[in-house]
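Chemist: To start, I am sharing the structure in question, which I have written as structure tokens.
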Amino acid sequence: MKCDPANPKGSGIVDIWQETFPVRFGVIDKSDRLTLDAVFQFFQEMAMSHAENLGVGREDMAGTGQVWILSRMSVLVKSRPKFCDTITVRSWPCGWEKLFAMRDFDIRDKNDTAIVAARSAWLIVDMEKRRPLRPQSVMDNLPQNEGVRALTPEDNGTASLEERKDLQKAAERKALYTDIDFNGHVNNVRYVQWIEDTLDPQILEKADKFRIDINYMNEIMLGETAELLSAPISGENNAFAFEGRKKDGGQTAFRAELRLG
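Everything in the sequence shown is counted per the numbering used here, starting at 578 for the first residue and increasing by one.
Structure, rendered in structure tokens:
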């Protein structure tokens, strides 16, 4: 069934949303390959389009006083597609775990091989009280896609990341207009870009594979400044831990671990 991002509800309910397109110039780095933040951008768009298709999009949820908030994401990039490669990006809901609504993603190459796999955990939040709600009432009405999983249980996707004591300040970022999304806070993709910007560009350009695990913990609003902290992960090559903290008050906004191969 055709998935039309311009009219997500036009083709009836789709269990697995997918879109096929070429890797364009704006999503590659000097290595001529897809960037990690572009992967997050693709996944964000797939999730939004599929939510609209399933009747739980922005306006649908706002009508019930609810909003989707991304809480955790684990992404494994097994092979980075190159400029002009044709890729198919897919996304599907897959039940819930405790307070989290789960959604998986993958990117497939022209041979239908999964070259990127991801799992995400979302909260359904009461817009007025800014408190999470139990997800069953929404997820029970969505496709369950039982047995269709992008990551194996051994991948331990969307795990909670523990606080680290060895992090050192790497940078500061003030949340400006282009960082802020429809929900009024720094967009999830921006945090990945901030992480990338703390590293030596050559390390990112040379990497053939990535794994990133990120926990989104507290909002950063327009005008607020974040301190970005990082440290190598002991005993691993090209592996780094990150944390973003609000400069005023020290509240943790996100934690992440990035491994490059």
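C-beta atoms are modelled at their ideal positions from N, C-alpha and C, and glycine is treated no differently.
Hey, which unbroken runs of the beta strand (DSSP E) at 3 residues or more fall wholly within the segment 640-684?
Modeler: Listed in chain order, they are 643-654 and 663-674.
Chemist: What is the DSSP secondary structure of Arg836, reduced to helix, strand or coil?
Modeler: Within the sequence shown, residue 836 is the residue found at index 259, counting from 1. It is a strand residue.
Chemist: Look at the alpha carbon of Gly634 and the alpha carbon of Val715, and state the distance between them as a whole number of angstroms.
Modeler: Locating residue 634 in the sequence shown gives position 57, where the first residue counts as 1. Locating residue 715 in the sequence shown gives position 138, where the first residue counts as 1. Their backbone Cα atoms lie some 11 angstroms apart in a straight line.
Chemist: When you compare only the Cα positions, how much space is there between Leu647 and Ala698?
Modeler: To locate residue 647, count along the sequence shown from 1; it is residue 70. To locate residue 698, count along the sequence shown from 1; it is residue 121. If I take the Cα positions, the gap works out to 6 angstroms.
Chemist: Starting from the C-beta of Val766, find all residues in its chain whose C-beta is less than 7 angstroms away, skip the five residues before and the five after it, and write them out in chain order.
Modeler: Counting from one through the sequence shown, the residue named residue 766 turns up at place 189. Here the set comprises Asp614, Phe617, Gln618 and Gln621.
Chemist: For Arg649, count the other beta carbons within 10 Å of its own beta carbon; 16 or more makes it buried, fewer makes it exposed. Which is it?
Modeler: Stepping through the sequence shown from its first residue, residue 649 is reached at position 72. Flag for Arg649 reads buried.
Chemist: How far does the alpha helix (DSSP H) with Arg767 in it reach, from first residue to last?
Modeler: Taking the sequence shown and counting its residues from 1, the one referred to as residue 767 is at position 190. Start and end: Asn765 to Asp774.
Chemist: Hey, which unbroken runs of the alpha helix (DSSP H) at 4 residues or more fall wholly within the segment 681-734?
Modeler: With a minimum length of 4 residues, the continuous alpha helix (DSSP H) runs that stay inside the segment 681-734 are 713-716.
Chemist: Is any non-hydrogen atom of the ligand PLP found closer than 7 angstroms to the C-beta of Val693, if you look at the structure I gave you?
Modeler: Among the ligands in the structure shown, none appear at all, so the ligand PLP cannot be discussed.
Chemist: Drop a sphere of 10 angstroms on the beta-carbon of Leu799, count the other beta-carbons inside from all chains shown, and report buried for 16 or more, exposed for fewer.
Modeler: Along the sequence shown, read from residue 1 onward, the residue named residue 799 stands at position 222. When all chains shown are included, Leu799 counts as exposed.
Chemist: Measuring CB atoms only, is the segment 653-667 touching the segment 678-688, in the sense that at least three cross pairs come out at less than 8 angstroms?
Modeler: Flag = yes, the segment 653-667 and the segment 678-688 touch.
Chemist: CA-CA distance, Ile789 and Thr663?
Modeler: Counting from one through the sequence shown, the residue named residue 789 turns up at place 212. Counting from one through the sequence shown, the residue named residue 663 turns up at place 86. When rounded, the distance between both Cα atoms is 23 angstroms.
Chemist: On the DSSP letters alone, give me the boundaries of the alpha helix (DSSP H) that Ser626 sits inside.
Modeler: Numbered from its first residue, the sequence shown carries residue 626 at position 49. Taken as a continuous stretch (DSSP letters only), the alpha helix (DSSP H) holding Ser626 covers Leu613 to Asn630.
Chemist: With Asn795 and Ala830 assumed to form a contact (beta carbons below 8 angstroms), what rounded beta-carbon distance in angstroms separates them?
Modeler: Taking the sequence shown and counting its residues from 1, the one referred to as residue 795 is at position 218. Taking the sequence shown and counting its residues from 1, the one referred to as residue 830 is at position 253. With a Cβ gap of about 5 angstroms, Asn795 and Ala830 count as contacting.
Chemist: Can you give the Cα-Cα distance for Ile780 and Arg832, rounded to whole angstroms?
Modeler: Position 203 of the sequence shown, counted from the first residue, corresponds to residue 780. Position 255 of the sequence shown, counted from the first residue, corresponds to residue 832. Cα-Cα distance, rounded: 20 angstroms.
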